[in-house]
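A short write-up of the structure that comes next.
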Amino acid sequence: MTTSTVTAPASAKTPRKAAAPDPDRARRRRRLAQWGFVAPAVAFMLLFFGYPLVRNVVMSFQHYTPKTFFTGEAPFNGTDNWASVFQDVLFGKALWHTLVFTAGSLLGQFCAGLALAVFFNRRFPLGGVLRSLILLPWLVPMVVSGIVWRRILDQDTGVLNTFLDTFGLGGNTPWLTSPDMALLSVILVNIWIGIPFNMVILYGGLQEIPKELYEAASLDGASAWRTFRSVTLPMLKPVITVVLVLGFMSTVKILDLILALTDGGPADATQTLGTLTYQNSFVELDFGAGAVVGNVLILISAVFAVFYLRANRTEGK
Amino acid sequence: MTAHPPVAAPHLRERPRRAVTSLAAVSVLVVGAALTGCAQQRDGDVYTVMNSSTDETYHRWDAEAMARCGERLGVTVEQQSVPASQVMTKALRMASSKSLPDIVQFDASEMPTFAEAGGLVDLRTLGLETDGVPEGIVDFGSYEGTYYGAARSVNTLALFYNKDILDAAGVEVPTTWDELRRTAKKLTQGKRYGLALSAGGAEDGVFQFTPFMWSNGGDERDLDSPEVVEALDYWKALLQDGSLSKSTVNWTQADVNDQFMAGNAAMMINGPWQVETLNSKESLHWEIARIPVPEPGAHSVGPLGGAVLTVPDTGDPERQKTAGRIVACMAGEEEQLTYALNSWMVPAHGKAAAEWREQVPELDALADQVAAARSRTAKLGAGWSGVSLALQSAFQSALTGQSSEAALKRAQQRATSGN
């Protein structure tokens, strides 16, 4: 299919001059054809990404209430929504929780994932079996993990506290019931969920590093740590960027896990931008305020995406 | 060489045109399918009820009731069940695409929001009568004086207790706050707590706080009043005594029921929708009583819960009239009794409730509690959700260390600034 489209214009060059049809017309047609191929993708992007995005921005400047669904009228109210969201103490809290949650989760997931990937990169008996077992958390739906972890972390009857108790390690830890602990517990659960993803991608990256580099390093007498720092890490850099960016995107918008674990509580201690926009839009039905928080989330992701593209470009040079 | 050009030239011309037309055709088809997907065609004699009966048993009971009413009225009634938390948003989406079902069963606390938006039809104009329905329950289905929702059954909270545990300890069923505190403390032993209740960060927790707030004379419009502070301090005292688990702040009402059934709690605050599950464990001997009150002789005011059948404004008066008749049938005395006996809820209709009391004497206390119960939206209407969120945050803060007064003061500020 591709070869025929490429060769056809080439072979047609001479005859066109001979038959002398309008060259402009042919070019226009070709352009039209090219656009024809691009059009579905553009239409898709506009319909499913462009439209909701613009709609969300517009909505954040509107008084959008349940009544709007009937009348179709959503009067513009300037920056009222933005002002009320930014004045809400909960927004500041949620923003801070989101940052801590994202940074903590990524750090934990990445370090544990990298350590496991390096570990499994060496061949040893049952390595393959163990590696596939570690994938299991990834296969469990997020809500299911959330509900199971909520039981595990229960203060009185949870498996974790019972386990800690038998070893005399303070079996009365208020994992999800203390506002000081809850965010940490939620981060720990999210790290557990994110390890397999990090491990799989990093493991794939490790497999791509030529063995000769390690041989050369050992000939030069490099220590294990030196080899890791000077061979593994630099060679793995592109993969690391991908893992962190994808991890960031899926972590910053967290909602389901928190709803299942704590519902944003206790006392709003695990309220993130994701849960706040959900609460604004679908509990209070104040869609304008929900859209503001959603836009802030998009903005954060966009800033991160710009950094990512920059990093990629300098790497290309 | 010369043979090629004539073949190649049409070939070149032909290909892009075909590609363009076929792509255009596909785009038209896709967009067309997307657009037609929105509008839903209403079928002549088929009426749709949207509810939240996603549980197998409830779905079956409702289907049976709808089949009986459909047969009586000569129409087909179809049931569409979505999770309770999605009824409102789904109904709103359907409103904007003009594809509302003929009947929607809303949770009574959500009905005012939909009514305020102008989405509901006054049931009285459709010929529904409220004779024999207690005034409190008519109010429960009304918004700003207009009767929009017919309740089939109502529920509220009560004190459930494990009879064996209370008998073994030789204690009476508590009726006042002091007694409840003493009894709960006495019944707390080893891994077992005296009392379980839900103070979770959702409507469940607020629902459970209201009987304490209201029985003490508190008002949801005045969250930092001494009466509400006192009620919250009482919860705090139960927690400080060790009679309540610290996990209380993370429990839903279903979790509370699990704890009670597992023997981890001697008493619990819960509702009749748990009865079916409770009865599945034969070794468990439970009974119910009214929720204890602050002082002897005070009124025990619980929250009125339950769903109401509403007729959304679909712009088709004829269909709305028939929908009204379906609602009247489903919320009629006979169907109410059947439904109430199945689901352990209290019938909304006065006569049906009296009949129900005779048939289920063990839930008598519940019927008393319902008679005195109050609707959450009676005073605030659609403003309830904001107050509810502020209140959740307040009692969770107070139960995890803050002072009740400071937490409720903040809640009151948040509630008033939000409205």
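Residue numbers (this note's numbering), protein chains in the order written: chain A, 0 to 316; chain B, 111 to 529. Ideal Cβ positions, reconstructed from N, Cα and C, are used throughout, including at glycine.
Three-state class that DSSP yields for residue i in the structure shown
i, result
"residue 61 (chain A)", "strand"
"residue 174 (chain B)", "helix"
"residue 220 (chain B)", "coil"
"residue 375 (chain B)", "strand"
"residue 171 (chain A)", "coil"
"residue 254 (chain B)", "coil"
"residue 215 (chain B)", "strand"
"residue 286 (chain B)", "strand"
"residue 180 (chain B)", "helix"
"residue 90 (chain A)", "helix"
"residue 363 (chain A)", "Residue numbering for chain A in the displayed model covers 0 to 316; residue 363 (chain A) lies beyond these limits and cannot be assessed."
"residue 417 (chain B)", "strand"
"residue 120 (chain A)", "helix"
"residue 230 (chain B)", "strand"
"residue 145 (chain B)", "With a pLDDT of only 47 at residue 145 (chain B), under 50, the local geometry of the prediction cannot be trusted, and no value is derived from it."
"residue 457 (chain B)", "strand"
"residue 166 (chain A)", "coil"
"residue 76 (chain A)", "coil"
"residue 389 (chain B)", "helix"
"residue 326 (chain B)", "coil"
"residue 243 (chain B)", "coil"
"residue 84 (chain A)", "helix"
"residue 281 (chain B)", "coil"
CB contact check: residue i to chain B, cutoff 8 Å
i, result
"residue 176 (chain A)", "yes"
"residue 145 (chain A)", "no"
"residue 226 (chain A)", "no"
"residue 265 (chain A)", "yes"
"residue 255 (chain A)", "no"
"residue 306 (chain A)", "no"
"residue 22 (chain A)", "no"
"residue 140 (chain A)", "no"
Amino acids of chain A, ordered along the chain, whose beta-carbon sits closer than 8 Å to that of residue i
i, result
"residue 499 (chain B)", "278, 282, 283"
"residue 312 (chain B)", "262"
Strand pairing of residue i, partner residues [DSSP]
i, result
"residue 396 (chain B)", "B:272"
"residue 302 (chain B)", "B:299"
"residue 277 (chain A)", "None, per the DSSP bridge assignment."
"residue 157 (chain B)", "B:187"
"residue 260 (chain B)", "B:419"
"residue 485 (chain B)", "B:414"
"residue 265 (chain B)", "B:415"
Interface partners of residue i on chain B, CB under 8 Å
i, result
"residue 66 (chain A)", "226, 227, 228"
Test: residue i CB closer than 8 Å to a CB of chain A
i, result
"residue 219 (chain B)", "no"
"residue 346 (chain B)", "no"
"residue 515 (chain B)", "no"
"residue 326 (chain B)", "no"
"residue 300 (chain B)", "no"
"residue 491 (chain B)", "no"
"residue 363 (chain B)", "no"
"residue 350 (chain B)", "no"
"residue 503 (chain B)", "yes"
"residue 272 (chain B)", "no"
"residue 374 (chain B)", "yes"
"residue 510 (chain B)", "yes"
"residue 223 (chain B)", "yes"
Cβ-based burial, residue i [other Cβ within 10 Å; buried from 16]
i, result
"residue 24 (chain A)", "exposed"
"residue 49 (chain A)", "exposed"
"residue 123 (chain A)", "exposed"
"residue 500 (chain B)", "buried"
"residue 47 (chain A)", "exposed"
"residue 312 (chain B)", "buried"
Partner residues on chain B for residue i, Cβ-Cβ distance less than 9 Å
i, result
"residue 69 (chain A)", "202, 205, 206, 227, 228, 229, 423"
"residue 154 (chain A)", "355, 356, 357, 360"
"residue 51 (chain A)", "Going along chain B, no residue has its Cβ under 9 Å from residue 51 (chain A), so there is no contact; the nearest lies around 14 Å."
Residues that residue i contacts on chain A, provided the C-beta gap is smaller than 7 Å
i, result
"residue 380 (chain B)", "Going along chain A, no residue has its Cβ under 7 Å from residue 380 (chain B), so there is no contact; the nearest lies around 18 Å."
"residue 161 (chain B)", "Near residue 161 (chain B) there are no residues of chain A at all, since even the closest Cβ is about 19 Å away, more than 7 Å."
"residue 496 (chain B)", "283"
"residue 506 (chain B)", "264, 265, 266"
"residue 164 (chain B)", "Near residue 164 (chain B) there are no residues of chain A at all, since even the closest Cβ is about 15 Å away, more than 7 Å."
Partners in chain B for residue i, counting only beta-carbon separations shorter than 7 Å
i, result
"residue 173 (chain A)", "356"
Proximal residues of chain A, C-beta to C-beta of residue i below 9 Å
i, result
"residue 199 (chain B)", "280, 281, 284"
"residue 286 (chain B)", "By Cβ distance, chain A contributes nothing, its closest Cβ being about 27 Å from residue 286 (chain B), past 9 Å."
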